[in-house]
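So for the sequence shown, our numbering puts the first residue at 1283; every next one is plus one.
Since the structure comes first, as structure tokens, the remarks are kept for the end.
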Amino acid sequence: MLNDKVVLITGGTGSFGEKFIFRLLREYNPKKIIVYSRDEYKQDLLKKKIISTFPQSIEKIRFFIGDVKDKDRLNRAFENVDYVVHAAAMKQVPACEYNPFEAIKTNIYGAQNIIDAAIDKKVNKVIALSTDKAVNPINLYGGTKLVSDKLFISANSYSGGNGTVFSIVRYGNVAGSRGSVIPFFKNIIQSGQNKLPITDERMTRFWITLDQGIDLVLKALKESKGGETYISKIPSFKISDLANAMLEGCELENVGIREGEKLHEVMITKDDSRNTFEYNNHYIIYPYFDWWDSEKYLISTGKAVQEGFEYNSSTNSKWLNAYELKKALKNL
């Protein structure tokens, strides 16, 4: 699928981008990988990691300094590109709340720039990374990503039947990624403290690793026809159990839910259930547009979920307890 192809990753120096690039170099033989991001220091660090791990492949890597807000730069970077994975975004909830117009310009206008450049440069397929926060959003980050998702799905009606294919991959906070609770707890534990702050003992989250997220992106790259939203079937866990898995017998300090934070993650709403199909390891929310042909595009191995189904971390059928979380943490 990706052998002898040109793949571009926006936000390519982030946690996902770095892991994705390493997977491409390990499992495929791409013609070229373009890392598109705006931080030259992070690009230099990534370049050194690639040289030390895949020295024979460094000539395949191109580092483009650029911002998704810069349409002209995107047009230059997208020249002769086959596949795009769009991972660039303003993701920190407090930063988006304090800098709302920058979040809108990056997450919404940036998404439109990706779409326009991909169509104009005849890119084969674009996979955009989404988030649980785009589902029933209560903060600006979630609101901008909801709009972004809608733009990418609707873009299929502009690209035409034989044009660029746009699809979405949605997941929540990745276990162990930068900005997640695991490194936060780890720093507190390493400082010698025995008290871990949690926002609410009732809080639940989905557990997904970077590799699982990448698996879903690769599946979407392989089989998407346009407009689908892919969601992994993954276990849930309680934040209190995670704290005890990382520091057995620790004291929990309830600090209260932060602004824009939810008690539970929701990946599929009850209203989306009417267009959702279940597969062995994932769900797909299919688009509901006149241009979408279910007989042509629907993957036949799926089973429609019951109307009213909601994929919620608090009502999930799969759970990780403290012991299982401790085992999972060792594999990160």
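No residue lacks a Cβ here, since even glycine has one placed at the ideal position from N, Cα and C.
Cβ pair residue i, residue j closer than 8 Å
| i | j | result |
| --- | --- | --- |
| E1384 | I1347 | no |
| T1558 | V1587 | yes |
| N1395 | K1351 | yes |
| L1534 | S1518 | no |
| L1328 | V1317 | yes |
| L1274 | A1527 | An answer regarding residue 1274 cannot be provided, because it is not within the stretch 1283 to 1614 covered by the chain. |
| L1500 | F1298 | no |
| S1596 | T1486 | yes |
| D1349 | R1320 | yes |
| I1490 | I1516 | yes |
| K1313 | I1496 | no |
| E1428 | C1378 | The residue you asked about is not Glu; residue 1428 is Leu in the sequence shown. In this structure, C1378 does not lie closer than 8 Å to L1428 by Cβ. |
| C1532 | N1476 | yes |
| S1430 | N1381 | no |
| A1437 | I1480 | no |
C-alpha gap between residue i and residue j, whole angstroms
| i | j | result |
| --- | --- | --- |
| E1505 | E1560 | 15 Å |
| E1530 | V1537 | 20 Å |
| V1447 | K1600 | 33 Å |
| V1548 | F1434 | 20 Å |
| E1361 | N1613 | 39 Å |
| D1592 | S1555 | Inspection of the sequence shows that residue 1592 is occupied by Glu rather than by Asp. For E1592 and S1555, the distance between alpha carbons rounds to 7 Å. |
| Y1310 | I1303 | 10 Å |
| I1464 | L1611 | 9 Å |
| T1583 | S1449 | 19 Å |
| W1507 | K1585 | First, the residue type needs correcting, since residue 1507 is Lys and not Trp in the sequence shown. Rounded to whole angstroms, K1507 to K1585 spans 18 Å at the Cα level. |
| A1457 | E1589 | 30 Å |
| R1358 | V1405 | 13 Å |
In DSSP terms, what residue i is bridged to
| i | result |
| --- | --- |
| H1277 | In the structure as shown, the chain starts at 1283 and stops at 1614, and residue 1277 therefore has no counterpart that could be examined. |
| N1594 | V1548 |
| W1601 | S1518 |
| T1558 | I1567 |
| A1586 | F1559 |
*asked:* Please give me, in chain order, every unbroken run of the beta strand (DSSP E) with length at least 3 that falls completely inside the region 1356-1417.
replied: 1365-1368, 1407-1413
_Contained alpha helix (DSSP H) runs [length at least 4] in the region 1481-1523, N- to C-terminal order_ = 1492-1505
_Meets three-Cβ-pair contact criterion under 8 Å: the region 1449-1464 and the region 1411-1428_ = yes
_List, from N- to C-terminal side, the beta strand (DSSP E) runs of 3 residues or more that fit wholly inside the region 1407-1480._
1407-1413, 1447-1453, 1477-1480
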